[in-house]
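Next comes the structure, spelled out in structure tokens:
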């Protein structure tokens with residue numbers, strides 16, 4: 014058995030102006046807009062787009078095929094998922110089974126939320142620990158597992 018060591022790195026990433034990245038973190042093949050902040054212990058994978066002025070807090074994981082709009086807040090430990098196990102188990106490298114996630118502008122996602130492949134509209138608030146398994150098409154505060162609208166936003 015051989016040993017393979019993978020190091021923390023920033024590779025093939027496109028940065029807008031005034032981006033702040035706090036190491037250690039893994040960024041590869043992604044695009045970060047102007048004034049984006051990325052906290053420590055974050056991984057952002059290929060084909061991810063982060064809009065201007067968005068903040069990604071520590072320990073979050075943003076997998077391939079995720080788009081996050083402008084002026085968003087992603088709390089600590091937020092996990093994005095692109096494999097919904099549609100074949101009864103993990104896709105095991107079959108990227109054709111992965112699905113996209115789209116987060117609108119001005120969305121706030123609380124710490125430790127899990128976001129499955131969904132669309133979340135502009136201005137939504139996702140509570141801490143929520144599991145978003147269905148599209149969110151109207152502004153409001155969503156919480157729970159599965160996430161449900163608990164309040165309107167005025």
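In the numbering used here, the protein residues as written are 14 to 167.
Idealized CB from N, CA, C, for every residue including glycine.
Exercise. At what residues does the beta strand (DSSP E) containing residue 161 begin and finish?
Worked result: Note, residue 161: beta strand (DSSP E), 161 to 164.
Exercise. Taking DSSP as the reference, what is the three-state secondary structure of residue 108?
Worked result: In the structure shown, residue 108 sits in a helix (DSSP, three-state: H, G or I).
Problem set entry | Closest residue to residue 165 among 157, 138, 106 and 143 (Cα-Cα distance) | Of the residues 157, 138, 106 and 143, the one whose Cα lies closest to the Cα of residue 165 is 138.
Problem set entry | Coarse secondary structure for residue 118, derived from DSSP in three states | If DSSP states are grouped into helix, strand and coil, residue 118 belongs with coil.
Exercise. What is the rounded straight-line gap between the Cα of residue 79 and the Cα of residue 15?
Worked result: CA-to-CA, the gap between residue 79 and residue 15 works out to about 33 angstroms.
For this session: Express the C-alpha separation of residue 19 and residue 40 in angstroms, rounding to a whole number.
Result: Cα to Cα, the separation comes out at about 13 angstroms.
For this session: Verify whether the separation of the beta carbon atoms of residue 38 and residue 26 is less than 7 angstroms.
Result: No, the pair does not count as a contact, with Cβ atoms beyond the cut-off.
Exercise. Residue 123 and residue 157 look like a contact to me (Cβ under 8 angstroms); what is the Cβ gap, rounded to whole Å?
Worked result: Their Cβ separation, rounded to whole angstroms, is 12 angstroms, which puts residue 123 and residue 157 out of contact at 8 angstroms.
For this session: Report the option in 105, 148 and 76 whose CA atom is closest to the CA atom of residue 94.
Result: Closest in C-alpha terms to residue 94, from the list 105, 148 and 76, comes 76.
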